[in-house]
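Participant: Have a look at the structure that comes next, please.
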Amino acid sequence: MLVSMKRLFVDFCGVVYRALRPVLFLTNSETIHEFLVNFGGVLGAIPPVRCIFYSLWVKESQTLAQNILGIEFRNPIGLATGFDYKAKLTRILPFIGFGFGTVGTITNNPYEGNPRPMLGRLVKSRALLVNKGFKNDGIDAVVKKFKNTETFYPVGLSIGKTNSKETATQEAAIADIIAAFKKAEAADLPFAYYELNISCPNLFGNVSFYPPGNLEALLLAVADLNLKKPLFIKMPITESDEDVMKMFEVIHSFRVDGVIFGNLQKDRSHPDLLPEEVALHGKGNFSGKPTEKRSNELIKLAYKTFGKKLIIIGCGGVFSAEDAYTKIKNGASLVQLITGLIFMGPQLAAQINLQLPRLLKKDGFKNISEAIGAGVK
Ligand SMILES: Cc1cc2nc3c(=O)[nH]c(=O)nc-3n(C[C@H](O)[C@H](O)[C@H](O)COP(=O)(O)O)c2cc1C
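Residue numbering for the sequence shown follows the working numbering, starting at 118 and increasing by one per position.
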């Protein structure tokens with residue numbers, strides 16, 4: 118299919134999805150999430166279905182391909198952590214346009230999730246309310262599931278601390294995270310990289326890895342593991358520039374390959390949130406558009422501090438090719454998303470990849486790597 122026809126078709130799929138969205142959004146958020154993840158898992162297990170999606174939606178472009186830390190990324194658009202916490206979508210996502218994706222967050226012990234509701238939609242604010250607190254089946258289940266799984270693109274594993282009373286001190290939390298890493302390393306899973314999630318805001322107790330001393334203690338323990346795969350740290354967007362700079366100083370002294378900016382927005386009075394929508398929801402934090410501005414500022418701060426010495430993954434509020442391109446020009450080598458997928462449709466990654474080469478060309482770039490950080494003075 119010609120690129121222009123493919124672009125038209127993919128755009129059309131987006132229009133159809135958004136027309137059906139009000140009906141989808143009538144269902145309970147958790148129920149539809151579970152259904153879509155299971156459905157995606159079934160589709161991914163059928164090779165002809167994968168081929169059909171691929172031929173209708175995906176256009177490979179050398180302009181978007183990068184080798185980062187020895188990993189081949191066919192394009193820069195990835196699924197952020199949290200959507201595929203059961204590792205069910207890794208066989209379908211590459212065929213609908215994603216260049217990589219992270220499974221998790223997975224913890225040493227399973228957790229059934231925080232008291233319901235764990236998810237909510239703020240349609241006008243283009244945000245989701247998230248209060249899952251690392252709902253997941255635990256590292257043993259993931260090891261079992263993934264041991265002999267074939268992967269079609271770089272799959273990452275996000276690890277965090279088990280959400281429980283037993284891990285509510287700094288020492289216990291570190292021991293718990295290390296135990297999960299040890300199991301993942303011992304199993305030699307086909308994951309391409311790790312994410313270390315230090316920024317989940319919905320957890321039991323007051324464990325925090327934001328104070329530099331606490332972060333150093335965690336990274337010292339992780340360094341002792343001599344991980345076989347690249348390590349990215351999933352950072353908060355809730356801290357001040359000064360505090361993030363202090364965290365950077367610690368990160369700089371360890372073998373950390375990259376940072377991800379960032380996690381959820383906890384400010385309920387954020388200007389991008391409509392107060393009447395927020396009032397309808399209880400405990401939790403926000404994804405989507407309310408994360409975008411701060412994520413972009415912190416990507417820029419990281420790029421100004423480290424340049425290309427540290428890989429930056431931009432995450433937060435990406436709903437279009439323009440949104441992804443802004444993160445790339447601020448310094449992100451790769452981009453992740455979840456909320457955009459839910460609001461704009463399953464074709465979003467393919468759609469962004471069909472549009473990015475034109476945005477790059479307009480600015481005179483021959484390859485995405487030339488655009489990384491180009492907007493930072
Ligand atoms: C339903 C949901 C679950 C999430 N769970 C996790 C998680 O387990 N670990 C994590 O690091 N981030 C988690 N996040 C945060 C996302 O990875 C991402 O940082 C955030 O949503 C901003 O990106 P977005 O605006 O594209 O959604 C979750 C987000 C959503 C919407």
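By construction, the Cβ of each residue, glycine as well, lies at the ideal position given by its N, Cα and C atoms.
The structure presented is a predicted model; accordingly, all values stated were derived computationally and were not measured.
#1: Which same chain residues end up closer than 6 Å to Asn192 when comparing Cβ atoms and leaving out the 5 residues on each side of it in sequence?
#2: Just grab the DSSP bridge partners of Cys432 for me.
#3: Once you ignore the five residues that flank Phe436 on each side, which residues in its own chain have a CB closer than 6 Å to its CB?
#4: Hey, how far is the Cα of Glu177 from the Cα of Lys494?
#5: Using 7 Å as the cut-off, classify the Cβ of Leu274 as near or not near the heavy atoms of ligand 1, replying yes or no.
#6: Looking only at its chain, what residues have a beta carbon closer than 7 Å to the beta carbon of Ala204, apart from the 5 residues adjacent to it on each side?
#7: Can you tell me where the beta strand (DSSP E) holding Leu540 begins and where it ends?
#8: For the beta strand (DSSP E) containing Leu348, name the first residue and the last one.
#9: Please find out if some non-hydrogen atom of ligand 1 comes closer than 7 Å to the beta-carbon of Tyr134.
#10: Which residues mark the beginning and the end of the alpha helix (DSSP H) in which Val339 is found?
#11: Apart from the five residues just before and just after Lys406, which ones in its own chain have a Cβ nearer than 7 Å to its Cβ?
#12: From the DSSP output, in three-state form, read off Ile163 for me.
#13: Run the CB neighbour count on Asn253, radius 10 Å, all protein chains shown included, and call it buried at 16 or more, exposed below.
#14: In terms of residue numbering, what span does the beta strand (DSSP E) encompassing Leu476 cover?
#15: Please report how far the alpha carbon of Gly399 lies from the alpha carbon of Thr266, in whole angstroms.
#16: Closer than 5 Å from C-beta to any heavy atom of ligand 1: which residues, in chain order?
#17: If Leu381 sits next to Asn402, beta carbons under 8 Å apart, how far is it from one beta carbon to the other, in whole angstroms?
#18: Taking only the alpha-carbon atoms, compute the straight-line gap between Leu473 and Phe142 and give it to the nearest angstrom.
#19: Ile416 and Ser450 - do their beta-carbons sit closer together than 8 Å?
#20: Would you call the stretch 285 to 292 in contact with the stretch 324 to 340, where contact means no fewer than 3 C-beta pairs closer than 8 Å?
#21: Please state whether the Cβ-Cβ distance between Ile209 and Gly161 is less than 8 Å.
#22: Taking C-alpha atoms, which residue in Gly255, Lys249 and Thr198 lies nearest to Thr224?
#23: Applying the criterion that 16 or more other CB atoms from any shown protein chain within 10 Å of the CB defines a buried residue, is Lys495 buried or exposed?
#24: Going by alpha carbons, who is nearest to Gly310 out of Met362, Asn280 and Pro347?
#25: Taking the alpha-carbon of Tyr270 as reference, which of Gly250, Ile163, Gly218 and Leu137 has the nearest alpha-carbon?
Facilitator: In brief:
#1: Counting only Cβ-Cβ distances below 6 Å, and skipping sequence neighbours, we find Leu181, Gly216 and Asn470.
#2: For Cys432, which the question treats as bridged, DSSP gives the partners Gln453.
#3: Excluding sequence neighbours, Phe436 sits near Gly457 and Met461.
#4: Approximately 31 Å, taken between the alpha carbons.
#5: No; taking the cut-off as 7 Å, the Cβ of Leu274 has no heavy atom of ligand 1 nearer than that.
#6: Within the same chain, Val220, Val259, Lys262 and Phe263 come within 7 Å of Ala204 by CB-CB distance, once the 5 residues on both sides are set aside.
#7: Past the edges of the chain, shown from 118 to 494, lies residue 540, and the structure says nothing about it.
#8: Following the DSSP letters along the chain, one finds Leu348 inside the beta strand (DSSP E) bounded by residues Leu348 to Met352.
#9: Every heavy atom of ligand 1 is 7 Å or more from the Cβ of Tyr134, so no.
#10: Taken as a continuous stretch (DSSP letters only), the alpha helix (DSSP H) holding Val339 covers Pro329 to Ala340.
#11: Contacts found: Ser242, Arg243, Ala244, Asp389 and Gly434.
#12: The answer is coil: DSSP assigns Ile163 none of H, G, I, E or B.
#13: Flag for Asn253 reads buried.
#14: Secondary structure note for Leu476: it is in no beta strand (DSSP E), and the uninterrupted alpha helix (DSSP H) holding it is Leu465 to Lys479.
#15: Gly399 and Thr266 have their C-alpha atoms spaced approximately 38 Å apart.
#16: Listed by chain position, these are Ala197, Thr198, Gly199, Thr222, Leu245, Val247, Asn314, Lys351, Asn380, Ser404, Gly405, Thr408, Cys432, Gly433, Gly434, Leu454, Ile455 and Thr456.
#17: About 4 Å; that satisfies the 8 Å criterion.
#18: The alpha-carbon separation between Leu473 and Phe142 amounts to approximately 29 Å.
#19: Going by C-beta atoms, Ser450 is not nearer than 8 Å to Ile416.
#20: Three or more Cβ pairs closer than 8 Å define a contact, and the stretch 285 to 292 meets that threshold against the stretch 324 to 340.
#21: Taking 8 Å as the Cβ cut-off, Ile209 and Gly161 qualify as a contacting pair.
#22: Answer by Cα proximity: Gly255.
#23: The requested residue 495 does not occur in the structure, where the chain is confined to residues 118 to 494.
#24: Looking at the sequence itself, residue 310 is Tyr, so the reference to Gly does not match. Here the closest residue by C-alpha is Pro347.
#25: For Tyr270, the nearest C-alpha among the options comes from Gly218.
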